[in-house]
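*Asks:* Let me give you the structure first, and then I'll get to my questions.
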Amino acid sequence: MDKVVLTVYGAKTKCASCVNAPGAYDTYEWLQAAINRKYETHEIQYVYVDIEQRQTDKEHQHFIEKIEQEEYFYPLVVLNGEVIGEGNPRLKVIYQKLESSGVLPKE
51 MDKVVLTVYG AKTKCASCVN APGAYDTYEW LQAAINRKYE THEIQYVYVD IEQRQTDKEH
111 QHFIEKIEQE EYFYPLVVLN GEVIGEGNPR LKVIYQKLES SGVLPKE
């Protein structure tokens, strides 16, 4: 199985609709901790992308533009190029997507 790449896009400032939710980097750390407790994580690569910083990666730039155009809220959670959560992401959905990508739960 190839590595699964889980990317969280966000910024230091919270989006207007996410005032009561955790910040993007907090969400990134929370997802890592939650996933590490439940899954074999040697197959997962975690990436945090600050949308306020210039990006050279075309995929990162694509998602940043979508956030800037308000097509997506941040924190935006992307698994192997597929959006799987935004704003206040749901663990159940993320777990389902990880498993469908071949990530195995711990025994």
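In terms of our numbering, the sequence shown opens at residue 51 and continues consecutively. Even for Gly, the Cβ is constructed at its ideal location relative to N, Cα and C.
By the 10 Å Cβ neighbour count, where 16 or more other Cβ atoms means buried, how is His110 classified, buried or exposed?
*Replies:* That one is buried.
*Asks:* Cα-Cα, which of Tyr124, Arg104, Thr106 and Glu118 is closest to Tyr59?
*Replies:* Measuring from the Cα of Tyr59, the nearest candidate turns out to be Tyr124.
*Asks:* Do you know whose CA, among His112, Thr91, Gln119 and Gly73, lies nearest Glu17's CA?
*Replies:* Because the chain spans 51 through 157 in this model, residue 17 falls outside it and cannot be assessed.
*Asks:* Do Ile101 and Val54 have their CB atoms nearer than 7 Å?
*Replies:* Contact flag unset, no.
*Asks:* Out of Leu154, Leu141, Thr63 and Glu118, point me to the one whose CA is closest to Tyr75's CA.
*Replies:* When each option's Cα is compared against that of Tyr75, the closest is Thr63.
*Asks:* For Asp107, name the three-state secondary structure that DSSP assigns.
*Replies:* Coil at Asp107, not helix or strand.
*Asks:* Please state whether the Cβ-Cβ distance between Glu136 and Tyr145 is less than 7 Å.
*Replies:* Not closer than 7 Å, so no.
*Asks:* Quick check on Pro155: buried or exposed, where buried means 16 or more other Cβ atoms within 10 Å of its Cβ?
*Replies:* Answer is exposed; the Cβ neighbour count stays below 16.
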